[in-house]
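Position in the sequence shown (from 1) plus 327 gives the number in our numbering.
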Amino acid sequence: MNELNPFGEVHGPTNSEVGSSSASVSTSASASASISTPLPNLPIPQTPTQNTPHAQTQLQPSGLPPLPHSGPRREKSEVWDHFERYEEVVESVKEDGSKYATTKKRARCKYCTMSYAADSTRNGTSNLRKHIENLCKKYPGRVPKDKRQKLLSFDQDHGVLTSTMHGKEEWLKACVEMVVMDEMPFSVVEGKGFRRFCNSLNPNFQVPSRRTLVRRFMAMYDAMKQKLKEELAPHRVCLTTDTWTSVQNINYMVITAHFIDGDWNLHKRILNFCVISNHKGNSIGKLLESCLLDWDMKKILTITADNASSNTKAIDYLKSKMGHWGNGSLLLEGKYMHIRCCAHIVNLIVRDGLKKLEKSILCIRNAVKYVRSSPKRLEDFKSCVKKEQIECKGLVVLDVPTRWNSTYMMLEASLKFEKAFWRMGEDDEGPYISWFGEDEPDVEDGVVMSHYPRKREGPPTNEDWNNARTFVNFLKVFYDATLKMSVTLHPASHTTFHDLIAMEEEIEDLLMEEEEILSETQTSKVLKDMALNMKMKFKKYWGDLDKLNQMLMVALVLDPRYKLGNLEFILKSRFENPEDAVKKKNEIKEILKKLYEEYAMPPPPPPPSTQKTQANDVVVLEHEIDRYITDPIEDVVDEFDVLKWWKLNGVKYPGLALIAKDVLAIPVSTVASESCFSTGGRVINSFRASLTPKIVEALICSQNWLRSDDISSLQYEPTIQEMEFYESIELDIMSSSTPSTIAPTTFQC
């Protein structure tokens, strides 16, 4: 047994004791410098150690620092705070049978009896670290996975307190989610600043390498995809497709699913973001088919795409393949599967109108450009605003020519400051007027039209301001309609038909106003030509109601504020012959009836009196639609929540509720509201473009999934009270009818 004397000298065994014993002998070792991912610092007990005769520790009684010596150097890894070295003498036998002793260097855990090879020339410290972090049950700093600490934290997204598990797995998962959600490069984890930040928050968090981060991200993507696949399995979804381009001109196609969950919340999930070789119909159709099979998704209601002929061919190809999938894959034989992107059509109509006002818009744009081109000019403009006593919090904004909504906002803001622009132009020799006398490059939308400069258009005349004023008032209907059509988390299909009618009436009103003007001015001529162009474009896509997807009119009927009566009123205002309006209304009723039959749950096995039961079933089936149509309509208010209404009243119309849950999820635009005004293509940023297509897809899909709300159960199980409610209705019908008088009920409006 070693003894520590008062001077700090350690007396160990003699040479003879070492030679007479095969027991292990240890040399003193000391812990030293920290490493990048340190183990928790624990108090190191002053455990006496055995020393060989060749090395005895001398401490100076004076308390002065020890003199330099040529002994063993200090250990570099903090793992040695938790292990002690020793030498193990092992007896070996030579080939001739003689025995000899060999010495092996080993390290023993200070908390348990486990030992490992510790020859610095052959063995590293990885096994020792793994033992302390994961294996040693007696290590006081180790926290078992099932005993990690839970802390209360505030969930800012949902505004509630949540109990959150904290540990290495949770930290690594949060790191992956941060990189994905905030579109950060994977290399961010290798930055010194990021590592210092993480170490200041929690020194125990081992910041992953970029390779580890990518691997964990791909594993997370696969798990999230499998979970989403299971959630979507029982549901019929609506799809949208759109194309993107990377900076390397690689074409991508995005496929997005839209659906309403069991709690009547509308969701949008990106399913695929994959490379497509070209934009031909067959290529798009085959890629759609491949993606749907990969997701095991065989129930599709609609596919929303833009007006390219290739999309029509693609959807026709997909319908031909889905016809063989079975299980009700094609609803009504896919007749109403293709929804043309309404926002795209509105964009085309508005762009045609803008062409006729190019000169007036350019003059006002140049005036705004002058004001925003320097701080001095902006101050001069503010001075004019103050002198004209214009009370407006905002200022003029410059538009982006490829985004017509920004042009609309530029004109709308500029009209409020028209008097200030006139005041700036009062000085004929002032900088404002002089600026318009200069030449500028002949460039349109970033394209050089000519190598010769052209005279700058402007300043805006009274006619330009009148054109802008009329156009802004006229364009507001299209602007508001586009915003409504492009929402992603609220239904739009039930109001789209009304929006189309409003845009058509706005064009007709502008034409009538210009025709009533007796003296045709240049302004009225321009506006009339603009309205005629927009009317022709509108008629091309929506002039014939048969070209409009009939599901949009079915969605209107499923809005309890309007139902079938409002649809008939609109149709009579459009058709000169009232019989044509009635015919179209009956067509929509027939589609609703066929949908009800498609969605009807299979009845239980019929009892012996089959004929009577079947007759009653027909009455019940058609009675629900009649009852919905004839029940009082709801008040027309802007705050009306159609999904909430069906959530509360679905028990009253269970069959129609199933239809409404799918039809109200139909998207009428392929792009979000911030993109639908743009005439330019959508482009992937340079960071994502540098990644492989598989990782690009995983990043874009995962980001959408992480940012979206949770999905409530899609399975609907009626309560006992609801079942009793249904049975009471059937009993009432059966008691008020006899087999001889029962007949299919006709639809009433």
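No residue lacks a Cβ here, since even glycine has one placed at the ideal position from N, Cα and C.
| Query | Result |
| --- | --- |
| Assess contact between the region 728 to 738 and the region 662 to 671, defined as three or more Cβ pairs (one per stretch) separated by less than 8 Å. Is contact present? | no |
| Looking at C-alpha atoms only, which residue of 978, 462, 871, 808 is the closest neighbour of residue 671? | 808 |
| Rounding to the nearest angstrom, what Cα-Cα distance links residue 629 and residue 565 in this structure? | 5 Å |
| When you compare the CB positions of residue 915 and residue 880, do they come within less than 8 Å of one another, or not? | yes |
| Identify, in the order they occur along the chain, each residue of the same chain with its Cβ nearer than 6 Å to the Cβ of residue 534, setting aside the five sequence neighbours on each side. | 516, 522, 525 |
| Distance, Cα to Cα, residue 972 vs residue 649? | 33 Å |
| Rounded to the nearest angstrom, how far is the Cβ of residue 272 from that of residue 861, given a contact under 8 Å? | In the structure displayed, the chain extends from 328 to 1076; residue 272 sits before or after that span and is not available. |
| Let's test the definition: count the other Cβ atoms within 10 Å of the Cβ of residue 638 and tell me whether it reaches 16, buried, or not, exposed. | buried |
| Are residue 627 and residue 614 close, meaning C-beta to C-beta below 8 Å? | no |
| I'd like the ranges of any alpha helix (DSSP H) spanning at least 4 consecutive residues and lying wholly in the region 709 to 745. | 731 to 743 |
| Taking only three categories from DSSP, how would you classify residue 596? | strand |
| Tell me the rounded alpha-carbon separation between residue 621 and residue 460. | 40 Å |
| How many angstroms separate the CA atom of residue 705 from the CA atom of residue 724? | 12 Å |
| Any idea if residue 864 is buried or exposed, counting beta-carbon neighbours within 10 angstroms, 16 or more meaning buried? | buried |
| Can you give the Cα-Cα distance for residue 976 and residue 543, rounded to whole angstroms? | 45 Å |
| Identify the continuous beta strand (DSSP E) that holds residue 430 and give its terminal residues. | 426 to 436 |
| Are the region 502 to 514 and the region 1022 to 1033 touching, with three or more C-beta to C-beta distances below 8 Å? | yes |
| Where residue 923 and residue 983 are concerned, what is the direct C-alpha to C-alpha distance, given to the nearest angstrom? | 7 Å |
| Residue 853 and residue 598: beta carbons closer than 8 Å? | no |
| Using 8 Å as the threshold, is the C-beta distance between residue 820 and residue 990 below it? | yes |
| Given this structure, state the Cα-to-Cα distance separating residue 884 from residue 987, to the nearest angstrom. | 10 Å |
| Which of helix, strand or coil does DSSP assign to residue 936? | Unreliable positioning characterises residue 936 in this predicted model, as indicated by a pLDDT of 49, which lies under 50. The coordinate reading is nonetheless provided below. Residue 936: coil per DSSP, three-state reduction. |
| Consult DSSP for residue 601 and reduce its assignment to one of helix, strand or coil. | strand |
| Here's the rule I'm using: 16 or more other beta-carbon atoms within 10 Å means buried, otherwise exposed. How should residue 452 be labelled? | buried |
| Are residue 910 and residue 895 closer than 8 Å when you measure CB to CB? | no |
| Hey, out of 496, 532, 583, whose CA is closest to residue 815's CA? | 583 |
| Taking only the alpha-carbon atoms, compute the straight-line gap between residue 681 and residue 837 and give it to the nearest angstrom. | 15 Å |
| Per DSSP, which one or two residues make a beta bridge with residue 667? | 632 |
| Do residue 917 and residue 655 have their CB atoms nearer than 8 Å? | no |
| Just the Cα atoms here: how many angstroms apart are residue 553 and residue 793? | 58 Å |
| Taking buried to mean at least 16 other C-beta atoms within 10 Å of its own C-beta, is residue 1029 buried or exposed? | buried |
| Among 765, 619, 701, which residue has its Cα nearest to the Cα of residue 785? | 765 |
| Determine whether the beta carbon atoms of residue 640 and residue 605 lie at a separation below 8 Å. | no |
| Within its chain, find whatever has a CB closer than 8 Å to the CB of residue 518; leave out the 5 residues flanking it on each side and keep chain order. | none |
| Report buried or exposed for residue 651, applying the criterion of at least 16 other Cβ atoms within 10 angstroms of its Cβ. | exposed |
| Hey, residue 970 and residue 591: beta-carbon distance below 8 Å or not? | yes |
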